[in-house]
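Contents: one structure, followed by commentary.
There are 4 protein chains.
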Amino acid sequence: MATRRHPVSGEEQAPGDRFAATRALTLELASPLSDADATIQPFPDASPAKWHLAHTTWFFETFVLRDRVRGYRLFDEAYPYLFNSYYEGEGTRHPRPKRGMLSRPSLDEIRKYRAHVDDAVLRALSSFGPAELELVELGINHEQQHQELFLTDILATLAENPLEPAYRHREERSDAAIQSGLPRSARNDGWLEGRTGIVEIGAQAEGFAFDHERPRHRALLEPHEIASTPVTNAEWDEFIADRGYRTATLWLSEGWDWVLREQVERPLYWRDDTTHFTLAGRIERDPAAPVCHVSYFEADAFARWAGMRLPREEEWESAAEAGDPASGQQLDEAGAVVPAPKTGFFGGVWEWTQSAFASYSGFKTAAGTIGEYNGKFMSGQIVLRGASCATPRSHSRVSYRNFFPPHARWQFTGLRLARDS
Amino acid sequence: MATRRHPVSGEEQAPGDRFAATRALTLELASPLSDADATIQPFPDASPAKWHLAHTTWFFETFVLRDRVRGYRLFDEAYPYLFNSYYEGEGTRHPRPKRGMLSRPSLDEIRKYRAHVDDAVLRALSSFGPAELELVELGINHEQQHQELFLTDILATLAENPLEPAYRHREERSDAAIQSGLPRSARNDGWLEGRTGIVEIGAQAEGFAFDHERPRHRALLEPHEIASTPVTNAEWDEFIADRGYRTATLWLSEGWDWVLREQVERPLYWRDDTTHFTLAGRIERDPAAPVCHVSYFEADAFARWAGMRLPREEEWESAAEAGDPASGQQLDEAGAVVPAPKTGFFGGVWEWTQSAFASYSGFKTAAGTIGEYNGKFMSGQIVLRGASCATPRSHSRVSYRNFFPPHARWQFTGLRLARDS
Amino acid sequence: MATRRHPVSGEEQAPGDRFAATRALTLELASPLSDADATIQPFPDASPAKWHLAHTTWFFETFVLRDRVRGYRLFDEAYPYLFNSYYEGEGTRHPRPKRGMLSRPSLDEIRKYRAHVDDAVLRALSSFGPAELELVELGINHEQQHQELFLTDILATLAENPLEPAYRHREERSDAAIQSGLPRSARNDGWLEGRTGIVEIGAQAEGFAFDHERPRHRALLEPHEIASTPVTNAEWDEFIADRGYRTATLWLSEGWDWVLREQVERPLYWRDDTTHFTLAGRIERDPAAPVCHVSYFEADAFARWAGMRLPREEEWESAAEAGDPASGQQLDEAGAVVPAPKTGFFGGVWEWTQSAFASYSGFKTAAGTIGEYNGKFMSGQIVLRGASCATPRSHSRVSYRNFFPPHARWQFTGLRLARDS
Amino acid sequence: MATRRHPVSGEEQAPGDRFAATRALTLELASPLSDADATIQPFPDASPAKWHLAHTTWFFETFVLRDRVRGYRLFDEAYPYLFNSYYEGEGTRHPRPKRGMLSRPSLDEIRKYRAHVDDAVLRALSSFGPAELELVELGINHEQQHQELFLTDILATLAENPLEPAYRHREERSDAAIQSGLPRSARNDGWLEGRTGIVEIGAQAEGFAFDHERPRHRALLEPHEIASTPVTNAEWDEFIADRGYRTATLWLSEGWDWVLREQVERPLYWRDDTTHFTLAGRIERDPAAPVCHVSYFEADAFARWAGMRLPREEEWESAAEAGDPASGQQLDEAGAVVPAPKTGFFGGVWEWTQSAFASYSGFKTAAGTIGEYNGKFMSGQIVLRGASCATPRSHSRVSYRNFFPPHARWQFTGLRLARDS
């Protein structure tokens, strides 16, 4: 199936083109799904594919059209209740664990909703000032986040099916596209020397970034080294063989409770000694590819087993500044992505850091409902850095902060080691 | 929408006609559903519509084709795992609470499965002896049970949707068709005098009946009376107005715990003072119609509030012998059935008795896997008698024993009062 | 330790003597316990020993002294809230699962409460008319029930302790005292022929009995036989050896779910191949003694494994009429009772029947709060018949109906087989 | 009741005196308790008083006597299983949620255990080298932690009792003893200017400190101010009056879920508009005293409501260096402590910071089982700083890091505000 290529460098595009391309990619992602596929919610923290299509549309309809375009009328008065995710400021909403109960509206009806909103945004675009354009840009970035969630959630959905259906057939990608972004400073032993002393991290004041990436601020780094490549499937096999999942003293206390309670003994989608379930169905694992679908608890235990530690997020960002956020294996078009061998800091898998998700010095929450976007999740979550094979390429930044609870495994999550020096 | 009329008197039909008609009705029931509608499992005790279509087919494929037709090849080797319900003798199976995780096979694929099995059964039918024909008859009755569950489960599914979608539009039925079956012995005061002394109940040895309706055996009845009509919505309004759901001493201890835990304050699908959600969407309640979607706990509390009791199942059966099991509001064709005012013992709503589901004296479990059909549920369940508006008309018998746990409400369940005399 | 002998035949005693003897036995039962022993609640359905001492006292204080003795003043205004068990008519009460949170009042304080109430009852006794004396008799029977619960709950408490402490040392009892009550009609093959046709069961109108044993009424028995002895530990060993706990098809559906969920593989207090934990600590099992601490689910599965069934309660009562309710191993004095080999219908272990607990024809709930005593538990429970080694001897009657949920195992519960003939 | 005064400055004492004084204080803490009081476990994260007495003794017995004193024999072979808390390296142990099931050993037996171990430690002390003395010091500090937990857990236990029993009667303390430790730099407006730039925090290499307080390392502070006093009960009343517990947008997402699920509407032990339950029973709240028994979620919501934030732990430590860790309201003797008005950084209540509990740069886990002491809890917990009214005075350090999950409220936990400047 032919899919259109997604533009790599978003910021250079006209807003309308970038909006249209983003919206089109989401539709492409949904194209192999049946109405039933798009309706299932595999567990309460994941959402149905259809819901992602509708919620991203609701975001534009609410914060751009309803709030900023005089005379706009809602596509359906019932949709705000159904497709608001977590914005308390927007009133009551359908309970999250019940998202899988909605066979109506159908996938086709949601496509009509999308077309209606796309049309209204594109017609209004020429009249927009900077504030409105900033909201459109936020909506685009919001939709890109949901493109990745779309893929991780449909993977979780299909993984529940004993028939092991594939989302799509996998198209092999050239290594050239993937293997890039390795900082030139990498030593022969596979380690990079980290910067020491006061550095600056966080997003610059100019250009798009989420609120929690700001302000750019100073951080103090002690001498350390950081691995030039993430931990691989082959290395994870060694951890298992050495009874890593059976050795309590390697684990955080919460992590060990989790291992026992959930009877964890391997990464989430590993099915036997050599295969894993992927968007391309059940396939052989590539030993050289980064291990994927591991929790923070697993990443932390692996690092302890290896006698090392996970990097702090300021160490990671400081080291990654030498890389190109648009490099590596990221999402360029709709496809059955599977992490490929990786050398740089971006693409393939998100990397767990050892940093709890917290506000930067001087962080200010945005005013109004949009202020709920990130700030209210600053407890119980761990920062991940980089980008994965499911991250739209133009979405990545060196200052990007992803975050998930320490037990979460259904994202494309791996790890990179660090050590004091 | 035009639907074919379902034959009233099953036993007189040729087996092939009866098989075909039953299989056709199931398809008609599914015709208004999208693939997504048919995929949702609203709660663990209910099943997706698609699953009912497949499971009833698996039943014929397994016990008739696989076991009795030489050379039959399974439609799909994976289906027995997916569509076995609870037969331990048939090996491991997909966990019941996960039935809503199956977007594949699609509804269309299941229709192909049905056609494949229908064809094989019909081709083999002429060669069948009595044992095989008995299994076909069991499969037909099994499918009729699932036709009712199909309707109650799709009602539960649509009831979860804040959009309140209708399964179908309701077609008004003539009262003539519904109001029948009232025993001539009913007195002017609405009570029937029950039989006293030793009576016989249970199914005769001849003809089709489920194992737990047998053997026909003697029972001893003390003097009692039984109401000629079930309790109505109007009467239930009085119970609520008199603080029935707030008065602990009216309730069984288990029932009161359930009321508090589930915050129960009215029948399951009542939405406000005058409406309820039905297969026809949200509509006004008919005050004269039997109250429906109440649990045993509610039925028992109502009877205590009224100073009476529920009938024992032997009292019910003895009284109902004067009625015609093919009478009353039962399922003749696919439609948005809603209980209508009722006078006799059959149709409209199932009626909770006060009898725990137990084996009759002399009960013998059938040999083999089929023996798991009913016997293993003889704990924690209460017998219901009669038939409902969703029971296929040719499925009903005076000896019929339906059973559900005392808190269940998603079936078409109501009650009829009794009292000692 | 010397303990006083409890009078065997209660009805012949003067009410004051019977009251005093019952109250004294309860204190004797508590004498080996520390304040801490008496405070623990091992699980929500069991109660602390101290609570039993206080609740039985509250029963007399409330229904006899407060309601019937002019000028009586409560020992402590806070106690009704703490020690009401489940009487909705008596207002709010301390939540049942929180009974183990009460280190105060202390065991000694509860003893003072008992002395206060005993004194008031004994002083008032001479002025009591029949209605009051009936309430005293009810209170005595109520306390006797709690004497048995006291023992089963303290056994459950001590069983939680890895140190395996004994409640008391066991004193061996003469076989003569225990082996009695076997109906003369027992055949050589160990089976009794049951009565057939219409029989009468239930308590006579005269004399003390609980409300749910009444009215005496007719029942219809079909031809059957009933075993003359209960199932023994040795027989249960065979069931285990034959993979009884691993064979799904032997079990009720609810029972099999319970086996898997609770990982049940032997009776509750069996600790290894030959020992069990008892009130006398961990000791060797007697192969000839009746199996004890099995649930209804286990009893039912054993019967199915043996190709038989459990008796119905009317069969049991009809057969047991030939026996003496005061015979067999029952509680005569405070001691570490352990079921001994048993031949008759009474003593040793309670026997699961196949009858769900339900009202008899013509049952009337008593007026007022006392009406909550039994009637509201008539759902989800199974009738047990006979008496156990922990039942106060004068408490037993042939019409006695004990009842527990089908998964309960912490009572002294065993089984006797029956079969159609 | 006269109690001995506990020495203020531990480090200057001879090890034997310090050991004896610490052990004696624990016994004094237990002196008002009955065996039953000491047995109850109010919830799984809290422990029975008796268990604290035994576990602290097990710590000395295991890591000092068993490991370091030749020929020492365990007091009881069963105790390690019962009284190991969470050290995986020490083998299996009694499940934490079952600690309240142990009426045996009795409180008196545990006192004998303590005396046995005390005697052995004191006899061996003269022969100890530095490594052993370090373990003794660790054991003393460990026991001091449990002295505080003893008080918070017995408060939780007594709070479960509707009788509202007091642990002890409260003895009023002079304000002079409590109001101290306020840094001279406090401005008239009640705010302290924080230090800016690179500071050093963490424990020096010399002297006792827990592993997670080390190494001393550099931190970078941005301009900020910190309040000179903690938030008071009076201020919390304003938060409630302003619908703080009803305003979703003030809360972290996890916190709001917690508020709804637990129906939180005031600090843990507040009983009505003016009283709270304390170790001295139910008393009037002091409006000027620091608010206590609030979770991190509540502290964070209050700070957001006030338009400020919680301090980071490096800000707190840097500001508190000017104070005296031995000042303020801390535990000098066994008594019914209740937080009093407070000005400095130490005593009264622990103060939530906004820092997730994590390792310092260069942190090394201790070798062996002792390494499990703190490091394995570095997920899901928040750092608290200072000391409370229940912290033994000699136990406090400016580098001290206490930590609890964000929902925990049964410790003496309050908050102090901070803001960027």
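Chains as they are written, first to last, in our numbering: chain Y, 1 to 421; chain F, 1001 to 1421; chain S, 2001 to 2421; chain G, 3001 to 3421.
Quick reminder that beta carbons are idealized off the backbone N, C-alpha and C, glycines included.
* **Closer than 7 Å at the beta carbon, the chain G residues around S/Ser2106** => Counted from its first residue, the third sequence places residue 2106 of chain S at position 106. Identification of chain G residues near S/Ser2106 by a Cβ-Cβ cut-off of 7 Å yields Ser3034, Ala3036, ordered along the chain.
* Per DSSP, cross-strand counterpart(s) of G/Gly3281 -> Here residue 3281 of chain G refers to the residue found at position 281 when the fourth sequence is read from its first residue. Beta-bridge pairing links G/Gly3281 to G/Thr3278.
* Sequence-distant residues of the same chain with beta carbon closer than 8 Å to F/His1116, five excluded per side -> To locate residue 1116 of chain F, count along the second sequence from 1; it is residue 116. Taken in chain order, the residues that qualify are Phe1075.
* Inter-residue Cα distance where the pair is S/Glu2284 and F/Arg1243 -> Position 284 of the third sequence, counting from 1, holds the residue named residue 2284 of chain S. Position 243 of the second sequence, counting from 1, holds the residue named residue 1243 of chain F. Straight-line Cα distance between these residues: approximately 56 Å.
* To do: Compare the C-beta of Y/Trp305 against all C-beta atoms of chain G and say whether one is closer than 9 Å.
  => By 1-based counting over the first sequence, the position of residue 305 of chain Y is 305. With its beta carbon at least 9 Å from every one in chain G, Y/Trp305 lies outside the interface.
* Does the segment 3401-3409 of chain G come close enough to the segment 3371-3386 of chain G to have 3 or more Cβ pairs within less than 8 Å? -> With a cut-off of 8 Å, the segment 3371-3386 of chain G and the segment 3401-3409 of chain G count as touching, because enough Cβ pairs lie within range.
* Asked: Counting along the chain, where does the beta strand (DSSP E) carrying S/Arg2385 start and finish?
  -> Along the third sequence, read from residue 1 onward, the residue named residue 2385 of chain S stands at position 385. Segment 2382-2386, the beta strand (DSSP E) holding S/Arg2385.
* Asked: Can you tell me whether S/Lys2112 is buried or exposed, with buried defined as 16 or more other CB within 10 angstroms of its CB?
  -> As a position in the third sequence, residue 2112 of chain S is number 112, starting the count at 1. Exposed, because fewer than 16 other Cβ atoms sit within 10 Å of the Cβ of S/Lys2112.
* Asked: Within 10 angstroms of its Cβ, does G/Ser3103 collect 16 or more other Cβ (buried), or is it exposed?
  -> Within the fourth sequence, residue 3103 of chain G is the residue found at index 103, counting from 1. Counting other Cβ atoms within 10 Å of its Cβ, G/Ser3103 reaches 16 or more and is therefore classed as buried.
* Asked: Using a C-beta to C-beta distance shorter than 7 Å, which residues of chain Y count as neighbours of F/Arg1052?
  -> Position 52 of the second sequence, counting from 1, holds the residue named residue 1052 of chain F. In the sequence under discussion, the amino acid at residue 1052 of chain F is His, which differs from the Arg named in the question. Per Cβ cutoff of 7 Å: no residues; F/His1052 is ~15 Å from chain Y at best.
* Asked: Any idea if G/Thr3423 is buried or exposed, counting beta-carbon neighbours within 10 angstroms, 16 or more meaning buried?
  -> Any answer about residue 3423 of chain G is impossible in this case: the structure gives chain G only from 3001 up to 3421.
* To do: Flag Y/Glu90 as yes if its beta-carbon sits less than 9 Å from any beta-carbon of chain F, otherwise no.
  => Counting from one through the first sequence, the residue named residue 90 of chain Y turns up at place 90. False, the Cβ-Cβ gap to chain F never drops below 9 Å.
* Tell me whether S/Val2199 sits in a helix, a strand or coil according to DSSP, three-state version. => Locating residue 2199 of chain S in the third sequence gives position 199, counting from the first residue. Note: S/Val2199 maps to strand in three-state DSSP.
* Within chain G, the residues that Y/His55 reaches when beta carbons sit closer than 8 Å -> In the first sequence, counting from the first residue as 1, residue 55 of chain Y sits at position 55. Those do not exist, as Y/His55 stays about 17 Å from chain G at its closest Cβ, beyond 8 Å.
* **Cutoff 8 Å; reference S/Pro2230; Cβ partners in own chain excluding five residues on either side** => Here residue 2230 of chain S refers to the residue found at position 230 of the third sequence. Once the five neighbours on either side are set aside, the close Cβ partners of S/Pro2230 are Pro2290, Val2291, Lys2342, Gly2348, Val2349, Glu2351, Gly2414, Leu2415, Arg2416.
* F/Leu1279 to F/Gly1362, Cα distance in whole Å? -> Counting from one through the second sequence, the residue named residue 1279 of chain F turns up at place 279. Counting from one through the second sequence, the residue named residue 1362 of chain F turns up at place 362. Approximately 41 Å between the Cα atoms of the pair.
* Near F/Ala1166, which residues of its chain fall below 6 Å by C-beta distance, leaving aside the five closest residues on each side in sequence? -> For the purposes of this step, residue 1166 of chain F is taken as the residue at position 166 of the second sequence. Around F/Ala1166: Ala1280, Gly1281.
* Asked: According to DSSP, what are the bridge partners of F/Asp1420?
  -> Taking the first residue of the second sequence as 1, we reach residue 1420 of chain F at position 420. According to DSSP, F/Asp1420 bridges with F/His1224.
* **Rounded C-alpha distance that separates S/Pro2015 from S/Val2136** => Within the third sequence, residue 2015 of chain S is the residue found at index 15, counting from 1. Within the third sequence, residue 2136 of chain S is the residue found at index 136, counting from 1. In this model, S/Pro2015 and S/Val2136 are separated by some 8 Å (Cα to Cα).
* In the structure shown, what three-state DSSP assignment does S/Gly2129 receive? -> Locating residue 2129 of chain S in the third sequence gives position 129, where the first residue counts as 1. Coil at S/Gly2129, not helix or strand.
* **Own chain, CB closer than 8 Å to S/Arg2261, minus 5 neighbours either side, in chain order** => For the purposes of this step, residue 2261 of chain S is taken as residue 261 along the third sequence, with counting starting at 1. In its chain, beyond the 5 residues on either side, no residue has a beta carbon closer than 8 Å to the beta carbon of S/Arg2261.
* Asked: Is the Cβ of S/Thr2062 closer than 9 Å to any Cβ of chain F?
  -> In the third sequence, the residue the question calls residue 2062 of chain S occupies position 62. No, no contact with chain F.
* Using a threshold of 9 Å, state whether the C-beta atoms of S/Tyr2245 and S/Arg2266 are closer than that. => On the third sequence, position 245 is the one that residue 2245 of chain S refers to. On the third sequence, position 266 is the one that residue 2266 of chain S refers to. Taking 9 Å as the Cβ cut-off, S/Tyr2245 and S/Arg2266 qualify as a contacting pair.
* Got a sec: is the Cβ-Cβ distance from F/Asp1045 to anything in chain S below 9 Å? -> In the second sequence, the residue the question calls residue 1045 of chain F occupies position 45. For F/Asp1045, the answer is no, since every Cβ of chain S falls outside 9 Å of its Cβ.
* Bridge partners - S/Leu2415, DSSP secondary structure assignment -> Residue 2415 of chain S sits at position 415 when you count from the first residue of the third sequence. Answer by DSSP bridge pairing, in chain order: S/Trp2352.
* **Listed by chain order, chain S residues near G/His3207 by CB distance under 8 Å** => Numbered from 1 along the fourth sequence, position 207 holds the residue referred to as residue 3207 of chain G. For the record, residue 3207 of chain G in the displayed sequence is Gly; it is not His. What G/Gly3207 touches in chain S: nothing, since even the nearest Cβ is about 40 Å away.
* What distance in whole Å lies between the Cβ atoms of F/Leu1220 and S/Arg2218, which are believed to be in contact at a cut-off of 8 Å? -> Within the third sequence, numbered from 1, the residue matching residue 2218 of chain S stands at position 218. Within the second sequence, numbered from 1, the residue matching residue 1220 of chain F stands at position 220. That pair is a contact at about 6 Å.
* To do: Please go through the same chain and pick out, in chain order, the residues whose beta-carbon is closer than 7 Å to the beta-carbon of S/Val2064, but skip the five residues on each side of it.
  => Translated into positions along the third sequence, residue 2064 of chain S becomes position 64. Shown here for S/Val2064: same chain residues with a beta carbon closer than 7 Å to its own, the five before and five after excluded, namely Val2121, Glu2132, Leu2135, Val2136, Gly2139 in chain order.
* Asked: Excluding sequence positions up to five away, which residues of its chain have a Cβ less than 6 Å from the Cβ of Y/Trp236?
  -> The residue labelled residue 236 of chain Y in the question sits at position 236 within the first sequence. Around Y/Trp236: Val291.
* Taking Cβ-Cβ distances shorter than 9 Å, what residues in chain F pair up with S/Thr2353? -> Against the third sequence, residue 2353 of chain S aligns to sequence position 353. Chain-order list of chain F residues neighbouring S/Thr2353: empty, with the shortest C-beta distance near 11 Å, by a criterion of under 9 Å.
* Does any residue of chain F bring its CB to less than 9 Å from the CB of S/Ala2408? -> For this step, residue 2408 of chain S is matched to residue 408 along the third sequence. Chain F has no Cβ within less than 9 Å of the Cβ of S/Ala2408.
* Helix, strand or coil at S/Pro2193 according to DSSP, with G and I counted as helix -> On the third sequence, residue 2193 of chain S is found 193 positions in, with the first residue counted as 1. The amino acid at residue 2193 of chain S is misidentified as Pro; the sequence shows Glu. In the structure shown, S/Glu2193 sits in a strand (DSSP, three-state: E or B).
* Relative to the C-alpha of G/Asn3233, which residue among G/Thr3365, G/Thr3152, G/Pro3339 is closest? -> The residue given as residue 3233 of chain G occupies position 233 in the fourth sequence. Taking G/Asn3233 as reference, the option from G/Thr3365, G/Thr3152, G/Pro3339 with the minimal CA-CA separation is G/Pro3339.
* Stretch-stretch touch, CB-based, cutoff 8 Å, three pairs: the segment 2035-2048 of chain S with the segment 2094-2103 of chain S -> Contact between the segment 2035-2048 of chain S and the segment 2094-2103 of chain S is present, because at least three Cβ pairs lie under 8 Å.
* Enumerate, from N- to C-terminal direction, the unbroken beta strand (DSSP E) stretches of 3 or more residues contained entirely within the segment 281-360 of chain Y. => Listed in chain order, the complete beta strand (DSSP E) runs (minimum 3 residues) inside the segment 281-360 of chain Y are 281-284, 350-356.
* Residues within the segment 2289-2323 of chain S neighbouring chain F, beta-carbon criterion of under 7 Å -> Taking 7 Å as the Cβ-Cβ cut-off against chain F, none of the residues of the segment 2289-2323 of chain S qualify.
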